[in-house]
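Numbering (the working numbering) for the sequence shown: 846 to 1246. For every residue, glycine included, the Cβ atom is placed at its ideal position computed from N, Cα and C.
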Amino acid sequence: MAELYCTAHALYLYTTELVEHPLEGVISAGEPDYERLTAEVRSLLRAQRVRGPLYLGLSPEFLLLRTGLFPELEGFPLEEAVLAEAERSPFWGQHALAVDYERLDPVDEHRRRVLYAAMPSEAVRLLQARLRPRRIEPLPLVVWRAARAALARRESWIVLDAVTNSMALFEQGKLVDFRLLAHPIAEGGRALADEVGRSLQLFGRYEPVEVAWLFDLPEPPPEIEGLPAGEVVRSAQVAALKDAAWRREPPWLELRPRRRRLGEGLPREAQRALLWSALWLALGLAGQAALRAELAQQQTINRALRAEVARLEAARPLEEGGPLPEGVTTDLVRRVTAALPDSIWLDEMRVDEYELVLRGRSLEPRAPQRLARSLNAPPAWTQWDPEDEDFVWEVSLELSQ
């Protein structure tokens, strides 16, 4: 097995020893060049004759890594909320995103902090097709897990990772929060120690931690005086990262497409409904066949709608006549039918001179969002319906005058 850590300036490949490969031109005007990155990685792997399982860790220049506060409510679609929050980013929101998240400890009765990562789906598909990694994960999570294993018996510690220039706070073995630092860890200095102290206060801690764990590659970072910690440990033990890279212990995120567990992220009532459905299906009932038949019927309806729109378009007179009657134009119907994913139902279409409103149901929560993006409409409203075991959705589109 091999581990590859990608930063904006270098690749670090570890099999039995650490190989450093400099990078240039993979970040241009703040935008990652994933084609260039993939080509550099493939060249390095070929030169080192690396085959087999590959762990791919990407620094924050290549993806979005954040924490955020989200409501802790029954029936609240956390995955959709995380995706919507990631899409608010001025840069990353321009792309269709692949996301993953991990729940951290609750902040209060109704709110929970969530660690999440997002990356353009096209980039994920490119890396998956060209490199076939076993895992795609944001750095510095592997460093956090290595520190967690080394400091398991400590009550509190901070991790200063010079590879990604980030700081994370752990209490009782759990991640509290993290942030990217402004001052370079590799340069040390009093300004860095002051920023670490202010960051602890932002995390809600006003007392020094037991240990500050400093990490860098290929050499340990310099000593930093004035850190709010009882003990400072400097490390560059890349072998510790090898063990941590493959462990599925918190905190960990996976941007490579993965199959989620049955009902993951859904409220308990929906999970119980899914469990009972799975049991009945296991007993040989035709629930899945009926669902496929219903979906096939909907696909047939969608194709028929598109064919009818095409016929109307072909039959539309070319010469100019009097004013057209008010109502739903064939152009508008064509746009809607062409944008409809096959996994959703269109139950209602309402239009006036100002707004088009579409309502329906969906088997999965992201299909309405794809429809909204295809129509250049605001994000769709979705809600889980435990009775029918599907999602109710609505898309609104303002019509130009």
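Integer Cβ distance of residue i from residue j, believed to fall under 8 Å
i: L984; j: T883; result: At roughly 17 Å, the Cβ-Cβ gap does not stay under 8 Å, so L984 and T883 are not in contact.
i: V944; j: A931; result: 6 Å
i: L1005; j: A962; result: L1005 to A962, Cβ: 20 Å. No contact.
i: V987; j: A1081; result: No, V987 and A1081 are not in contact; Cβ-Cβ is about 14 Å, not under 8 Å.
i: A1085; j: A991; result: 4 Å
i: V871; j: R881; result: 5 Å
i: A1057; j: I1003; result: 5 Å
i: H955; j: P916; result: 6 Å
i: L901; j: R970; result: About 14 Å separates the two Cβ atoms, so there is no contact after all.
i: R999; j: E1055; result: 5 Å
Chain C within 8 Å of residue i, Cβ atoms only
i: W989; result: Note that chain C does not occur in the displayed structure, where there is just one protein chain.
DSSP beta-bridge partners of residue i
i: L960; result: T912 and E947
i: Y857; result: Y850 and E865
i: P1231; result: DSSP, once it has assigned bridges, lists no residue as partnering P1231.
i: L899; result: A847
i: W937; result: For W937, which the question treats as bridged, DSSP gives no partner whatsoever.
i: F1048; result: Answer by DSSP bridge pairing: none, since F1048 is not bridged.
i: D1039; result: Beta-bridge pairing links D1039 to no other residue.
i: W1002; result: F1015 and V1056
i: E1239; result: R1204 and W1226
i: L928; result: L928 pairs with nothing; no bridge assigned.
i: V1196; result: L1201
i: S873; result: E876
i: R1024; result: M1012
i: W989; result: DSSP output for W989 lists no bridge partner at all.
i: I1030; result: The partner list for I1030 (beta bridge, DSSP) is empty, contrary to what the question assumes.
Option in the options with minimal Cα separation from residue i
i: R1204; options: E1239, E906 and I1003; result: E1239
i: R1050; options: F1023, E1068, G897 and A994; result: F1023
i: K1019; options: R1035, G870, L1026 and A997; result: A997
i: A1013; options: P1096, T852, E869 and C851; result: P1096
i: Y1199; options: E1032, G902, S1241 and M846; result: S1241
i: T1227; options: F921, T852 and Q1143; result: F921
i: L923; options: D950, L1025 and R957; result: R957
i: A1031; options: D1061, L1045, E1055 and L1047; result: D1061
i: S966; options: L1220, E1243 and R1101; result: R1101
i: R977; options: M846, P1224 and D1197; result: M846
i: S1001; options: L1150, V1077 and W1229; result: V1077
i: P905; options: L868, A929 and E982; result: E982
i: V1181; options: T1145, L928, A1152 and S1219; result: S1219
At which residue ranges does the region 1063-1111 contain complete beta strand (DSSP E) runs of 3 or more residues, listed in the order of the chain?
1074-1080
For the region 1204-1220 and the region 1179-1192, state whether three or more C-beta atom pairs, one from each stretch, are separated by less than 8 Å.
yes
Would you check if there are 3 or more beta carbon pairs closer than 8 Å linking the region 851-860 to the region 884-901?
yes
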